[in-house]
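Colleague: Position 125 of the sequence shown, counting from 1, maps to 125 under this note's numbering, and the rest follow consecutively.
Even glycine gets a Cβ: it sits at the ideal position worked out from N, Cα and C.
Here the structure is a predicted model, which means the values were calculated and not measured.
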Amino acid sequence: GPHPAGLPGTHISRLTPLSPGRTAWHVDCQDVIAAGALLLTGRLPLRRAIAISGPHPHAARWVWAPPGARIRDLLRGAERDAEWIISGSPLAGRSARKPFEHLGRFHRQVTVLGGPSGPSPPEAPWWSRLGLHAAKPGPALGMVPDAGLEQAWALDVPVAPLLRALMVGDLDTAVALGCLDLGEEDLALCTLLCPGGHDYGAYLREALTRLREELAA
Numbered sequence: 001g002p003h004p005a006g007l008p009g010t011h012i013s014r015l016t017p018l019s020p021g022r023t024a025w026h027v028d029c030q031d032v033i034a035a036g037a038l039l040l041t042g043r044l045p046l047r048r049a050i051a052i053s054g055p056h057p058h059a060a061r062w063v064w065a066p067p068g069a070r071i072r073d074l075l076r077g078a079e080r081d082a083e084w085i086i087s088g089s090p091l092a093g094r095s096a097r098k099p100f101e102h103l104g105r106f107h108r109q110v111t112v113l114g115g116p117s118g119p120s121p122p123e124a125p126w127w128s129r130l131g132l133h134a135a136k137p138g139p140a141l142g143m144v145p146d147a148g149l150e151q152a153w154a155l156d157v158p159v160a161p162l163l164r165a166l167m168v169g170d171l172d173t174a175v176a177l178g179c180l181d182l183g184e185e186d187l188a189l190c191t192l193l194c195p196g197g198h199d200y201g202a203y204l205r206e207a208l209t210r211l212r213e214e215l216a217a
């Protein structure tokens, strides 16, 4: 299905919902193949299939590269001059600029933004370069329920109460609504579409860190 149906958090939430003290592991399919090859041959394959993607005219192909490869070495000449290169997906990746110009350990995608039409205005948000149109946040807006959030949500729990609990730091409610199943990337679309301009991935990380500290105390 469409994003975020393929994310680990979506599968964990549906197959093995977590509770405090319970652990679930996920592994990339290419790592499973590499483990099988190691058992069969005694040699560990290090290269992974990396998708080069984005609106750039040459950015629609696959390359083979090891984790940590220098990203510009994976790109063709025209792509190296792109306006913005991202290690990972455009929603949850990071800019591949020094000192982070190498492929992330768990990234299987490089996104190339910018092309022959010329650069976007400096003030334009990055998602406008992908043809996406997000809500424009205003200053100090609260959590505003929005139909777009419901449409972008792949889990069975109600999205607005979960986001509100994360925003105000209500750990009990956030845990009851399944925040333990999620990672920052699971909430990237919610951040993009939020009329209030909130970073729900950051709220989630803060909540998970607090919970871990409380369990360790």
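(1) Between R186 and G6, is the Cβ-Cβ spacing less than 8 angstroms?
(2) In three-state terms, what does DSSP make of A60?
(3) Rounded to whole angstroms, what's the CA-CA distance from D156 to R43? Just pull it up for me.
(4) DSSP state of A24, grouped into three classes?
(5) Apart from the five residues just before and just after R105, which ones in its own chain have a Cβ nearer than 8 angstroms to its Cβ?
(6) Entirely within the segment 42-111 and at least 4 residues each: give me those alpha helix (DSSP H) ranges in chain order.
(7) Taking Cβ to Cβ, would you say V233 is nearer than 8 angstroms to I71?
(8) Quick one: measure Cβ to Cβ for L171 and R210, integer angstroms, because I've assumed they're closer than 8 angstroms.
(9) Drop a sphere of 10 angstroms on the beta-carbon of H107, count the other beta-carbons inside from all chains shown, and report buried for 16 or more, exposed for fewer.
(10) If you follow the alpha helix (DSSP H) that G201 is part of, which residue opens it and which one closes it?
(11) Look up L132 in the DSSP assignment and say whether it is helix, strand or coil.
(12) Applying the criterion that 16 or more other CB atoms from any shown protein chain within 10 Å of the CB defines a buried residue, is T16 buried or exposed?
(13) Excluding sequence positions up to five away, which residues of its chain have a Cβ less than 7 angstroms from the Cβ of A152?
(14) Distance, Cα to Cα, A96 vs R14?
(15) Classify T111 as buried or exposed, calling it buried when 16 or more other Cβ atoms lie within 10 Å of its own Cβ.
(16) Assuming the contact rule is C-beta atoms closer than 8 angstroms, L204 and L177 should be a hit. Round their C-beta distance to whole Å, please.
Modeller: With the given structure in hand:
(1) What you label residue 186 is simply residue 186 of the sequence shown in a count that begins at 1. What you label residue 6 is simply residue 6 of the sequence shown in a count that begins at 1. Here the sequence assigns Asp to residue 186, which means Arg is not the residue at that position. G6 sits away from D186, with the two beta carbons spaced by 8 angstroms or more.
(2) Along the sequence shown, one-based indexing puts residue 60 at 60. Note: A60 maps to coil in three-state DSSP.
(3) Residue 156 sits at position 156 when you count from the first residue of the sequence shown. Residue 43 sits at position 43 when you count from the first residue of the sequence shown. Each residue's Cα considered, the two are about 42 angstroms apart.
(4) For the purposes of this step, residue 24 is taken as the residue at position 24 of the sequence shown. Under the three-state reduction of DSSP output, A24 falls in the coil class, being neither helix nor strand.
(5) For the purposes of this step, residue 105 is taken as residue 105 along the sequence shown, with counting starting at 1. Annotation for R105: P67 and G68 place their beta carbon closer than 8 angstroms to its own, counting only its chain and skipping 5 residues before and after.
(6) Within the segment 42-111, the alpha helix (DSSP H) runs of at least 4 residues that lie entirely inside it are, in chain order, 77-80.
(7) Any answer about residue 233 is impossible in this case: the structure gives the chain only from 1 up to 217.
(8) Here residue 171 refers to the residue found at position 171 of the sequence shown. Here residue 210 refers to the residue found at position 210 of the sequence shown. 6 angstroms between Cβ atoms; contact.
(9) Position 107 of the sequence shown, counting from 1, holds the residue named residue 107. Taking a 10 Å sphere around the C-beta of H107, we find 16 or more other C-beta atoms and assign the residue as buried.
(10) Position 201 of the sequence shown, counted from the first residue, corresponds to residue 201. Start and end: Y200 to A216.
(11) On the sequence shown, position 132 is the one that residue 132 refers to. With a pLDDT of 47 at L132, under the threshold of 50, the predicted position of this residue should be treated as unreliable, though the coordinate-derived value follows. Coil at L132, not helix or strand.
(12) Here residue 16 corresponds to residue number 16 of the sequence shown, with the count starting at 1. Per the 10 Å Cβ criterion, exposed.
(13) By one-based count along the sequence shown, residue 152 stands at place 152. Leaving aside the five residues that flank A152 on each side, the residues in its chain whose CB is nearer than 7 angstroms to its CB run, in chain order, L189, C190 and L193.
(14) For the purposes of this step, residue 96 is taken as the residue at position 96 of the sequence shown. For the purposes of this step, residue 14 is taken as the residue at position 14 of the sequence shown. Between A96 and R14, the C-alpha separation is close to 33 angstroms.
(15) Residue numbering aside, residue 111 sits at position 111 when the sequence shown is read from its first letter. It is buried - the Cβ of T111 has at least 16 other Cβ atoms within 10 Å.
(16) For the purposes of this step, residue 204 is identified with residue 204 of the sequence shown, where counting begins at 1. For the purposes of this step, residue 177 is identified with residue 177 of the sequence shown, where counting begins at 1. Going by Cβ atoms, the distance from L204 to L177 rounds to 11 angstroms, so no, they are not a contact pair.
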